[in-house]
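To start, the structure under review is shown below, and the notes come after it.
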Amino acid sequence: MSETIQLGARASSSTAREGSTIEEVHLNESNLAPVDKGFGAWSFLIAAFFIEAIVWGFPDAYGLILDGYFNDPRYSSQAHATSVLPLIGPVASGIMNCSGPLIYPLTARYPQHRRTAMWVGLVLCWASLFSASYISKVSTLVALQGVLYAIGGSLLYAPCISYLSEWFINRRGLANSIIFAGTAMGGIVLPLVIPRLISAFGVAKALRYISIGITVVLIPLLPFVKPRIPLSRTSHVAPPRNRDWMTDRIFWVVIIINTLIGFAYYLPLIWLPTFASDLNISASKSSLAIALLNGSSLIGRISLGYLSDKLNPWSLALCILFPSSLATFIIWGLLSKNLTGLICFGIAYGCLAGSWTSLWSGFSKPVAKDDPNLATYLFGYLTLSRGLGNILATPISTTLIASASRSKGDLVNAVFPISGGRFRNVIVFVATCLAGAGGFGVLGWGMDFRKRRWSTVAETL
Numbered sequence: 001m002s003e004t005i006q007l008g009a010r011a012s013s014s015t016a017r018e019g020s021t022i023e024e025v026h027l028n029e030s031n032l033a034p035v036d037k038g039f040g041a042w043s044f045l046i047a048a049f050f051i052e053a054i055v056w057g058f059p060d061a062y063g064l065i066l067d068g069y070f071n072d073p074r075y076s077s078q079a080h081a082t083s084v085l086p087l088i089g090p091v092a093s094g095i096m097n098c099s100g101p102l103i104y105p106l107t108a109r110y111p112q113h114r115r116t117a118m119w120v121g122l123v124l125c126w127a128s129l130f131s132a133s134y135i136s137k138v139s140t141l142v143a144l145q146g147v148l149y150a151i152g153g154s155l156l157y158a159p160c161i162s163y164l165s166e167w168f169i170n171r172r173g174l175a176n177s178i179i180f181a182g183t184a185m186g187g188i189v190l191p192l193v194i195p196r197l198i199s200a201f202g203v204a205k206a207l208r209y210i211s212i213g214i215t216v217v218l219i220p221l222l223p224f225v226k227p228r229i230p231l232s233r234t235s236h237v238a239p240p241r242n243r244d245w246m247t248d249r250i251f252w253v254v255i256i257i258n259t260l261i262g263f264a265y266y267l268p269l270i271w272l273p274t275f276a277s278d279l280n281i282s283a284s285k286s287s288l289a290i291a292l293l294n295g296s297s298l299i300g301r302i303s304l305g306y307l308s309d310k311l312n313p314w315s316l317a318l319c320i321l322f323p324s325s326l327a328t329f330i331i332w333g334l335l336s337k338n339l340t341g342l343i344c345f346g347i348a349y350g351c352l353a354g355s356w357t358s359l360w361s362g363f364s365k366p367v368a369k370d371d372p373n374l375a376t377y378l379f380g381y382l383t384l385s386r387g388l389g390n391i392l393a394t395p396i397s398t399t400l401i402a403s404a405s406r407s408k409g410d411l412v413n414a415v416f417p418i419s420g421g422r423f424r425n426v427i428v429f430v431a432t433c434l435a436g437a438g439g440f441g442v443l444g445w446g447m448d449f450r451k452r453r454w455s456t457v458a459e460t461l
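For the record, in the sequence shown the residue sitting at position 220 is 220 according to our numbering, with numbers rising by one throughout.
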């Protein structure tokens, strides 16, 4: 009888402890800022949007600076300038993309250093552009504007992705797309500003003023990029141990598609200003095509991100991949013989190909499920695959342009009349990569449909 009493007392004590623990968890949760809404969530999202706009928008707008370099004999007259200078923008965005699998796990393992990393990154971004404005040697420009800027940009940007999973849960697809739309916003503003600065002050002073401008804009925004969960609860967070995603064949199809798009997407952003110059279109007018490309990309990213929270991402992917390929070949390759053609291509390409990254959340959700750390890891591998394609695409494109310039003919001049058809290989390369991505999209859609059908059958048994 006494043993029964003791067991009952222990059970009551255990139940009381569990009840108090549950009550404490609910109490602690109620003390946190709300997810998916409230001032904290939306102020973070707005600040992250502008950080994305500057960090990623500058490499995307590098084609305008490249045109300035080519028109300045101090840079263009150097040996290998035509092959080295186009590398700067893709090297910067490529390194930032490829650093994902390294830097995102570090932000998860050492969350207490995330805000310090942002300030260090801001200083490096400023220093890279400011010091590059005093340098004329093209190889040093690659090291400063390409490599050093990328290191600073990675440190500045990674905490935004880490904090995103704390502030947004049910509306993460929309939140992702709003942040990614920041790149498009940067691509709208910078093409309207950079040509005017270069025209008024030259490319060197323009870089100097840009470095100061981005610093002034970012300093008041960084305090809003902060964690929702107190540091004491996240200071000992371990990386996810679940490796099941590595055997998920559908996710590897996403990686292949992402890499092919990485090969293709940035090339029009790099070469359109030069293409426009060969059409005798002024830099200010050609920048309008880039601005509209990024503007339509902003609309496409937000729209697709919103839809990815509600619809199957594979169906959405098929709606943009094949049309992107057709737009590249037909509008850019065959119809862009004047400013109107370039503007039409910019709008179509930005709205279609530019919105792909908004689907990343939709593709990651079935794999990561409710694990925010794993979702961050998967994001890192997606940026890596995109970055590899981005880095390799530029030397490939310069080789394609050089080979096209050496082989001319009446048929080539008739189909690709601009500059004797020297851009034809790049246009065909971009269109082919996007068509290949569409082909793998069909494969992924079929695999996903089969998986969902078998899951439905298993639930009914």
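We treat Cβ as the ideally placed atom computed from N, Cα and C, and that holds for glycine.
Can you have a look at residue i and say buried or exposed, based on whether 16 or more other CB atoms are within 10 angstroms of its CB?
i      : result
Glu23  : Unreliable positioning characterises Glu23 in this predicted model, as indicated by a pLDDT of 41, which lies under 50. The coordinate reading is nonetheless provided below. Per the 10 Å Cβ criterion, exposed.
Pro111 : buried
Gly38  : exposed
Asn294 : buried
Val91  : buried
Lys337 : exposed
Thr247 : exposed
Ser403 : exposed
Lys310 : exposed
Val123 : exposed
Ala79  : exposed
Asp278 : exposed
Pro195 : buried
Phe201 : exposed
Lys226 : buried
Asp448 : buried
Leu32  : exposed
To the nearest angstrom, how far is the alpha carbon of residue i from that of residue j?
i      : j      : result
Ile290 : Pro220 : 28 Å
Ala283 : Arg172 : 38 Å
Thr399 : Leu174 : 39 Å
Ala48  : Leu222 : 9 Å
Ala143 : Ile151 : 11 Å
Ile188 : Trp454 : 45 Å
Val430 : Asp36  : 38 Å
Ile178 : Leu45  : 8 Å
Thr383 : Ile391 : 12 Å
Ile465 : Ala317 : This structure gives no information on residue 465, because the portion of the chain shown stretches from 1 to 461.
Gly444 : Tyr381 : 18 Å
Gly446 : Val55  : 36 Å
Leu27  : Arg228 : The pLDDT assigned to Leu27 is 40, lower than 50, so where the model puts this residue is not dependable; a value taken from the coordinates is nonetheless given after this. About 15 Å.
Thr21  : Pro59  : With a pLDDT of 41 at Thr21, under the threshold of 50, the modelled position of that residue is not reliable, and the figure given next carries that caveat. When rounded, the distance between both Cα atoms is 50 Å.
Arg422 : Leu339 : 18 Å
Val254 : Leu374 : 16 Å
Leu267 : His113 : 35 Å
Tyr163 : Phe329 : 40 Å
Val25  : Pro230 : Only weak support exists for where Val25 lies, its pLDDT of 38 falling under 50; the coordinates are left without a value.
Thr394 : Thr456 : 45 Å
Asn170 : Leu326 : 35 Å
Let me see if you follow: with CB-CB separation under 7 Å, is residue i close to chain B or not?
i      : result
Ser136 : Checking the listed chains, one finds no chain B in this structure; it contains a single protein chain.
Put residue i into one of helix, strand or coil per three-state DSSP.
i      : result
Lys205 : helix
Asp72  : coil
Ile219 : coil
Ser336 : coil
His113 : helix
Val225 : coil
His26  : With a pLDDT of only 42 at His26, under 50, the local geometry of the prediction cannot be trusted, and the value read off the model is given with reservation. Helix at His26.
Arg453 : helix
Phe440 : helix
Tyr266 : helix
Ala61  : coil
Asp462 : Residue 462 is absent from the structure shown; the chain starts at 1 and stops at 461.
Asp278 : helix
Met447 : helix
Going by C-alpha to C-alpha distance, which of the options sits closest to residue i?
i      : options                           : result
Leu434 : Thr140, Ala353, Asn425 and Gly187 : Ala353
Ala108 : Leu124, Ala158 and Ser131         : Ala158
Val203 : Tyr62, Phe44, Gly40 and Phe50     : Tyr62
Val216 : Trp119, Ile270, Ser139 and Ser77  : Trp119
Tyr349 : Gly333, Gly362, Ile169 and Leu190 : Gly333
Leu307 : Leu318, Lys137, Leu359 and Ser131 : Leu359
Gly68  : Ser286, Glu166, Leu342 and Gly436 : Ser286
Ile275 : Thr259, Ile261 and Phe345         : Note on identity: in this sequence residue 275 is Phe, with Ile being the wrong assignment. Ranking Thr259, Ile261 and Phe345 by Cα distance to Phe275 puts Phe345 first.
Leu85  : Ala132, Val426 and Phe423         : Ala132
Gly441 : Ala117, Arg422 and Cys319         : Cys319
Ser324 : Trp271, Cys351, Leu207 and Thr259 : Cys351
Ala41  : Tyr149, Phe168 and Lys137         : Phe168
Tyr149 : Val193, Ser199 and Gly94          : Gly94
Ser297 : Ser315, Asn312, Leu102 and Leu269 : Leu269
- [ ] Could you name each continuous alpha helix (DSSP H) segment of 4 residues or more that falls completely within the region 354-396, going from the start of the chain to the end?
- [x] Complete alpha helix (DSSP H) runs here, min 4: 360-368.
TODO: Identify every run of the alpha helix (DSSP H) within the region 105-168, keeping only runs that are complete inside it and at least 4 residues long; order them along the chain.
DONE: Here the runs fully enclosed are 114-132, 138-141 and 149-167.
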